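In my numbering, the protein residues as written are 226 to 287.
Reviewing the structure listed below.
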């Protein structure tokens, strides 16, 4: 069985792998203006769900 080995050249490599990237979100986080998932308000009419687990293994819930 013959296998072809493909060597990556500079043109075919991913441009971001193994290279440092400039982080654009740091400035707002450092001055306290960062926005997180919990900061987003819930709009009226949005459905919400809660998961309730039984404290009793293999119990039948009526």
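Just so it is clear, CB atoms sit at the ideal spot from N, CA and C, and this is done for glycine as well.
Note that the structure is a prediction, hence the values are computed from the model and not measured.
| Item | Value |
| --- | --- |
| DSSP-derived helix/strand/coil call for residue 254 | helix |
| Helix, strand or coil at residue 262 according to DSSP, with G and I counted as helix | helix |
| Straight-line gap, residue 239 to residue 245 (C-alpha atoms, nearest Å) | 13 Å |
| Close beta carbons around residue 229, own chain, < 7 Å, minus the five adjacent residues each side | none |
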